[in-house]
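A.B. asks:
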Amino acid sequence: MNKTVSNLPRVCLLAAAETSPSILYSLYDVLSSAGVIYTEMTSGDPGDPVLEVQIVAATREPFRCYGEVMVEPHRCIDEVEHTDVAIVCDMYTPITEPPHGLYQSEIEWLQHVHADGAILASVCSGSLILAEAGLLDGLEASGHWAYREMFRDHYAKVKLREESILTIAGEQDSIVTAGGVTSWQELALYLIARLCGRQYAVEIAKIYLLAGHEDGQLPFNVTTLRPQQTDTVIDQCQAWIADNYIHTNPVTQMASHSGLRPRTFARRFLTATGYQPMAYVHAIRIEEAKKLLETDTAKIDDISQMVGYEDPTYFRRLFKRKTGMTPASYRRKFVCIATVPTNTARPRAPSSATASAPV
């Protein structure tokens, strides 16, 4: 790896107007404090940094990123000939609009530094930029689950691991892609451990209270079944099944509703939606089951019936295969969100005497 004059591994955080400030500045804060903050917080004396971290962009001109947050790049990419790591810090792209023709200068720079030996990394939609650059062709990659259809339709040479938080691929593990937004945490800890040693990563995790996403992305995954406009008959079937997914033999009924022969219906449904008909029904049912588990206190066997599965055992197996968790574990995971933990201090209610006392 190339070193800077300071002899520290250099990490460049690539930013643009579409970058999420939460990812950019969280990575900058955590990576630049590796080696420094642990000793300061435990002994009172700051340690020495173990990484040189810089924010880079297409130009040096200050700009506002997502949410109108100001970014002042340390350097422009043309000034960075060598770096040990280049991280694409999420560049928001609508799920219907691939970034074709965008970020040309950034892509050329990524290709250049990677050819020079740099590790490339990305967070969330940042993997789309690596895919657009052709750097993920033939590789597995992580990215936000919401972009699964975009990868399927526009980057077919990339195998998206939508269940994975962190995917390491390429020769000499030279490309590291992280999943959804907060997976920057796993990426930061991985890079600190790889470049500086595991102990530094452990120390950073302790200081910033960084915990892993042990269950991966699957529990957070929402199967988005958007209506399509290419086949009117199948569009009508999608509308019908959205209200009738609990029916027995739903695929047979959909085919009958379409007026098509079963084989013709199955072929056209797959072409229009990207799903086999029964897989589509399962996706709808599991999404409904997830909503019920998040908000309803009904027994799991009853939820199984409510979404169309008469066999609760089959429902449990299918649910775990789709989400990575049992229905009971899923319920426990999401019921606790936005709930104050029992070991968290709550504001003490004022006594009646205090409340009525003049200020």
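When we follow this note's numbering, the leftmost residue of the sequence shown carries the number 334, and every step to the right adds one. The beta-carbon is built from N, C-alpha and C at its ideal position, and this holds for glycine as well.
Per DSSP, what kind of secondary structure is A521 in: helix, strand or coil?
C.D. replies: In this structure, A521 counts as helix in the three-state DSSP scheme.
A.B. asks: Comparing C-alpha positions only, which one of A544, V640 and F484 sits nearest to T581?
C.D. replies: Closest option to T581, Cα to Cα, is V640.
A.B. asks: By the three-class DSSP mapping on this structure, what secondary structure does A682 have?
C.D. replies: Annotation note: pLDDT 48 at A682 (below 50); position unreliable, coordinate value reported separately. Residue state, collapsed to three classes: coil.
A.B. asks: For A348, which residues in the same chain have their Cβ closer than 8 Å to its Cβ, ignoring the five residues on either side in sequence?
C.D. replies: The answer, listed in chain order, is L357, I388, V389, A390, C398, V404, P406 and C422.
A.B. asks: Anyone know if the C-beta pair for A451 and T500 falls short of 8 Å?
C.D. replies: Cβ atoms of A451 and T500: not closer than 8 Å.
A.B. asks: According to DSSP, is V413 part of a helix, a strand, or is it coil?
C.D. replies: In the structure shown, V413 sits in coil (DSSP, three-state: anything other than H, G, I, E or B).
A.B. asks: Count the CB pairs spanning the stretch 602-613 and the stretch 622-630 that are closer than 8 Å, and state whether there are at least three.
C.D. replies: Verdict: no, contact absent.
A.B. asks: Return yes when the Cβ of E504 is within less than 8 Å of the Cβ of Q550, no when it is not.
C.D. replies: Cβ atoms of Q550 and E504: not closer than 8 Å.
A.B. asks: Give every residue of the same chain whose Cβ lies closer than 8 Å to the Cβ of P354, excluding the five residues on either side of it in the sequence, and list them in chain order.
C.D. replies: Cβ neighbours of P354 beyond the five flanking positions: C398, Y399, G400, V402 and V404.
A.B. asks: With 16 other CB atoms within 10 Å as the buried threshold, where does H433 fall?
C.D. replies: H433 comes out exposed.
A.B. asks: For I508, I'd like the list of residues in its chain whose CB is within less than 6 Å of its CB, leaving aside the five on either flank, ordered along the chain.
C.D. replies: Within the same chain, I508 has close Cβ partners L453 and A502.
A.B. asks: For R343, which residues in the same chain have their Cβ closer than 6 Å to its Cβ, ignoring the five residues on either side in sequence?
C.D. replies: These residues qualify, in order along the chain: T337, E385, T416 and D417.
A.B. asks: How long is the line joining the alpha carbons of A682 and K666, rounded to whole angstroms?
C.D. replies: For A682, the predicted structure reports a pLDDT of 48, less than 50, and the residue's modelled location is therefore unreliable. The matter cannot be settled from this model.
A.B. asks: Take Y436 and list the residues in its own chain whose beta-carbon comes closer than 6 Å to its own, dropping the five residues that flank it on each side.
C.D. replies: Counting only Cβ-Cβ distances below 6 Å, and skipping sequence neighbours, we find I462.
A.B. asks: Where does Q387 sit, in a helix, a strand or coil, going by DSSP?
C.D. replies: In this structure, Q387 counts as strand in the three-state DSSP scheme.
A.B. asks: Here's the rule I'm using: 16 or more other beta-carbon atoms within 10 Å means buried, otherwise exposed. How should L528 be labelled?
C.D. replies: By the 10 Å Cβ count, L528 comes out buried.
A.B. asks: On the DSSP bridge list, what partners appear for K492?
C.D. replies: Looking at the DSSP assignment, K492 forms a beta bridge with E473.
A.B. asks: Grouping DSSP H, G and I as helix and E and B as strand, with all else coil, what is S458?
C.D. replies: The answer is coil: DSSP assigns S458 none of H, G, I, E or B.
A.B. asks: In the DSSP output, which residue or residues are listed as bridge partners for A511?
C.D. replies: Answer is V456 and L499.
A.B. asks: Quick check on the DSSP output: the alpha helix (DSSP H) that includes L625 runs from which residue to which?
C.D. replies: From DSSP, the alpha helix (DSSP H) with L625 extends over P610 to T628.
A.B. asks: With DSSP run on the structure shown, which of helix, strand or coil describes V421?
C.D. replies: Looking at V421 - three-state DSSP - the assignment turns out to be strand.
A.B. asks: Taking Cβ to Cβ, would you say L520 is nearer than 8 Å to V456?
C.D. replies: Yes, the pair counts as a contact, with Cβ atoms nearer than the cut-off.
A.B. asks: Throw me the rounded Cβ distance for the Y425 and A464 pair, which I believe falls under 8 Å.
C.D. replies: Incorrect: roughly 15 Å between the Cβ atoms, too far for contact.
A.B. asks: From L346 to D362, what does the alpha carbon distance come to, in whole angstroms?
C.D. replies: For L346 and D362, the distance between alpha carbons rounds to 11 Å.
A.B. asks: For the stretch 579-593 against the stretch 541-559, do three or more pairs of beta-carbon atoms, one drawn from each stretch, fall closer than 8 Å, so that the two count as touching?
C.D. replies: The stretch 579-593 is not in contact with the stretch 541-559.
A.B. asks: Distance, Cα to Cα, D659 vs V491?
C.D. replies: Reading the sequence as shown, one finds Thr at residue 659 and not Asp. Cα-Cα distance, rounded: 29 Å.
A.B. asks: Going by DSSP in three states, T352 sits in which element: helix, strand or coil?
C.D. replies: If DSSP states are grouped into helix, strand and coil, T352 belongs with the strands.
A.B. asks: Going by beta carbon distance, what residues of the same chain come within less than 6 Å of A526, once the five residues before and after it are set aside?
C.D. replies: Here the set comprises A534.
A.B. asks: Have a look at Y371, I428, T352 and E430 and flag the residue whose alpha-carbon is nearest the alpha-carbon of F396.
C.D. replies: Cα-wise, what sits closest to F396 is T352.
A.B. asks: Along the chain, where does the alpha helix (DSSP H) containing L651 start, and where does it finish?
C.D. replies: Looking at the DSSP string, the run of the alpha helix (DSSP H) that includes L651 is P645 to T656.
A.B. asks: If L522 sits next to A511, beta carbons under 8 Å apart, how far is it from one beta carbon to the other, in whole angstroms?
C.D. replies: With 8 Å as the limit, L522 and A511 do not qualify as a contact, their Cβ atoms being about 11 Å apart.
A.B. asks: Should N340 be labelled buried (16 or more other beta-carbon atoms within 10 Å of its own) or exposed?
C.D. replies: When all chains shown are included, N340 counts as exposed.
A.B. asks: What are the boundary residues of the beta strand (DSSP E) that R559 is part of?
C.D. replies: Counting along the chain, R559 falls outside any beta strand (DSSP E), and DSSP gives it neither H nor E.
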